[in-house]
Every structure is written in C-alpha cells, then in structure tokens.
Amino acid sequence: MEPILPGAPWLIAHKSMLGVNQPNKITLNGQDYVVWQNRKGEVFAIDNICPHMQAPLSDGWICQERDTITCPFHALEFDGQGRLCREEKKDTQPITQPLDLIVSNDCIWTYAGFEPRLPIPDLHQRIVDEYEFVGVSGEKSIQGDFLSNLMVNYDYNHQNGTHKEMFKITSCSVSSFEEKGYYAQVQQEITRADNTLCEIIKNPLLGILPKTLNNALEYAFPSTTVLFAQTPIGKVAQVHILYPQTEKSTKTFILMYARDVNPLMKSLFKNSVLKAAATVIEQDTTAVESLYPRQKSKIRLPNEEIMFHAEKLYRDW
Ligand code: FES
Ligand SMILES: [Fe+2]
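So the number in my numbering is just where the residue sits in the sequence shown, counting from 1, plus 2.
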C-alpha cells in the first residue's frame with residue numbers, strides 16, 4: 003500500500019500493552035512488525051517476516067537471557083537489531099530490518115523508517131507532567147480507513163447520535179476552536195439528560211456526572227486527540243490514539259490519565275472511566291464501520307469546519 007502520512011510520528015503502543023517477554027504483532031502502514039519488551043522495560047521491534055522462509059516471527063517465542071525472538075518455523079533466532087544469533091554467536095550485520103523506536107513516558111513511537119516531518123507532540127509530555135497514568139482502554143482494530151476514523155475525532159455533531167446512548171447527550175456546542183497548523187484546541191459544552199437507574203448501576207460515574215459538561219480538547223495531528231474533562235471525583239485526560247494499519251483498517255486505543263481523584267473513590271473512578279472510554283470507542287467503531295462510501299455532503303452542520311480542517315491537513319500532507 004501507499005503509506006498514509008509518511009513521516010508522521012505514530013504512537014504504536016504503551017508499554018503496559020506489550021506484556022513482558024511476549025511477542026506482539028503490530029501492523030503499521032501495511033507492514034507487520036514484531037515488538038517485545040524485556041523485564042527491564044527495554045523494547046525491541048523488527049520486521050515480522052522471517053528472512054529464512056517468511057514465517058511470522060510474532061508466532062514465535064522470546065529468549066529472555068538473550069533478548070531475542072525465535073522463529074516458530076525452524077527456530078532461527080534474531081535480536082532486536084535484526085541480527086541472526088547462532089550458537090551463542092551473533093552476526094555483526096542485521097539480516098532483517100529493525101523498526102526505529104522512540105520510547106517516551108512509556109509510549110512507543112515510530113516514524114517507521116521515514117524522514118520525520120513532525121516532532122513527537124509535546125502534548126503527551128504536558129499530560130504526564132500533570133496527570134497520573136490510569137490504564138489503557140478500548141484497544142481495537144477498526145474496519146475503516148484512517149481518514150474516516152480521524153474525522154470522527156474532529157466531528158462535533160456525532161455526539162448527538164453516536165454517543166447519545168449511555169451519556170444521554172442532548173446537545174453539544176463548541177465555544178472556541180483555535181488551530182496552529184497541526185495542533186488545535188477546542189472548548190465544548192455538552193448537555194445531558196438523566197441516566198436510568200440501571201445505567202447508573204452498570205457505571206456509577208454516570209450518576210455523578212453533571213448535566214452540563216465543559217470539556218477542553220487538544221489535538222496533535224494525526225495521532226492524538228485528548229479530551230480533558232472534570233467530574234466531581236476527579237479530572238481526566240483521555241488520550242485517544244489512532245494509527246493506520248492498512249488502507250482499510252485503523253488501530254485505536256485510549257490512554258487514560260487522571261488527577262485530583264478523591265482517594266476513597268480511586269478504584270471506582272478508575273474502573274468507571276476505563277469502561278466509559280471502551281464504550282466510546284465501541285460506539286465510534288460501530289458508526290465508522292457502518293458508513294457507505296463517502297460522497298459530497300448536501301447538508302452542513304455547525305462547527306464542521308473543524309472536521310474539514312483535519313481533512314485538509316490530511317489531503318495536503
Ligand atoms: S522460516 Fe523462520 S526459521 Fe525458517
Ligand atoms: Fe466519538
């Protein structure tokens with residue numbers, strides 16, 4: 003496939019998603035890689051295609067003494083630089099391609115071998131400086147192209163339909179939108195109707211969420227959308243990540259960060275926000291996967307310029 007947005011920094015995983023000494027298959031822009039982390043937290047990634055007879059290395063196993071991956075087919079062993087390792091001896095030259103990684107605050111970024119065109123966004127550093135990491139939620143491969151998934155995150159009308167259930171959203175308005183190239187900021191106001199008792203029992207967070215929510219959103223195109231929200235028992239920064247797997251599938255997950263959480267409610271809060279985030283992803287996924295092929299729209303809604311701004315960044319890349 004033609005790579006999507008070559009030179010963009012992609013956040014392919016958070017360390018907590020990888021396990022320890024476990025192979026993980028990651029697909030980025032049509033290429034498969036195997037990624038693993040050792041007990042010390044060092045992360046390695048190489049091309050997933052075995053250079054011997056093309057078996058998928060991610061079906062193999064890790065040798066924790068040597069930090070290598072062994073191919074499941076004929077048990078050849080490769081290290082994180084893509085060098086073949088035989089009988090305790092290592093070749094000096096790589097025989098297969100390593101994937102360049104930048105690990106920052108437990109987030110694993112890559113340019114996948116392209117000349118960087120944007121820096122790793124400092125938005126992530128700002129969040130880590132102020133918030134505590136809570137967990138990952140909603141990890142999913144969505145059957146939809148990258149642009150459709152991206153546009154949903156810049157769409158300030160889909161809350162009224164896509165996220166109506168559960169959050170009982172009755173209106174969503176935008177009071178400000180500021181963009182500075184690939185970075186953008188939005189203030190939104192959401193109003194909600196009451197949740198049913200049954201919904202509150204399923205997710206107690208809904209019972210204490212105010213009827214009006216003033217949220218701030220920040221974007222670091224193309225990988226990151228952050229929702230900053232305040233609840234009566236704590237503040238959250240919900241970091242929504244996207245990257246293109248293939249032309250028709252997009253990977254997504256949410257990194258949840260929180261601060262000022264009422265200490266008595268910590269675990270309830272954690273479970274509730276992670277669950278709510280997973281529901282949000284589920285709802286967006288259903289919307290994107292059910293779309294017919296795009297045509298020119300005959301209707302305009304308010305604030306759609308935010309979405310078209312993102313589309314333009316994508317098309318003009
Ligand atoms: S295919 Fe990997 S060792 Fe033969
Ligand atoms: Fe959404």
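Cβ atoms here follow ideal geometry from the backbone N, Cα and C, with glycine treated the same way. Fair warning: this is a prediction, and the values are worked out from it, not measured in the lab.
- Chain order is used for the residues whose beta-carbon lies nearer than 7 Å to a heavy atom of ligand 1, namely 52, 54, 55, 56, 57, 73, 75, 76, 77, 78.
- Per DSSP, residue 70 is one residue of the beta strand (DSSP E) stretching across 70-72.
- Annotation: residue 146 to residue 290 spans about 6 Å, alpha carbon to alpha carbon.
- Residue 174 is positioned such that its CB atom lies closer than 8 Å to that of residue 158.
- Distance from the C-beta of residue 165 to the nearest heavy atom of ligand 2 is below 7 Å.
- Only buried fits residue 220, as 16 or more other CB atoms lie within 10 angstroms of its CB.
- Within the model, the alpha-carbon separation for residue 255 versus residue 283 is close to 8 Å.
- With a cutoff of 8 Å on beta-carbon distance, residue 245 and residue 225 are scored as near each other.
- Going by DSSP, residue 140 is part of the beta strand (DSSP E) stretching over 134-144.
- Straight-line measurement puts the Cα of residue 125 at about 23 Å from the Cα of residue 278.
- Listed in chain order, the beta strand (DSSP E) elements of length 3 or more contained wholly in the segment 150-235 are 171-182, 185-194, 214-222, 226-233.
- In terms of Cβ geometry, residue 47 and residue 101 form a close pair [threshold 8 Å].
- In this structure, DSSP gives residue 127 a helical state, which the three-state scheme calls helix.
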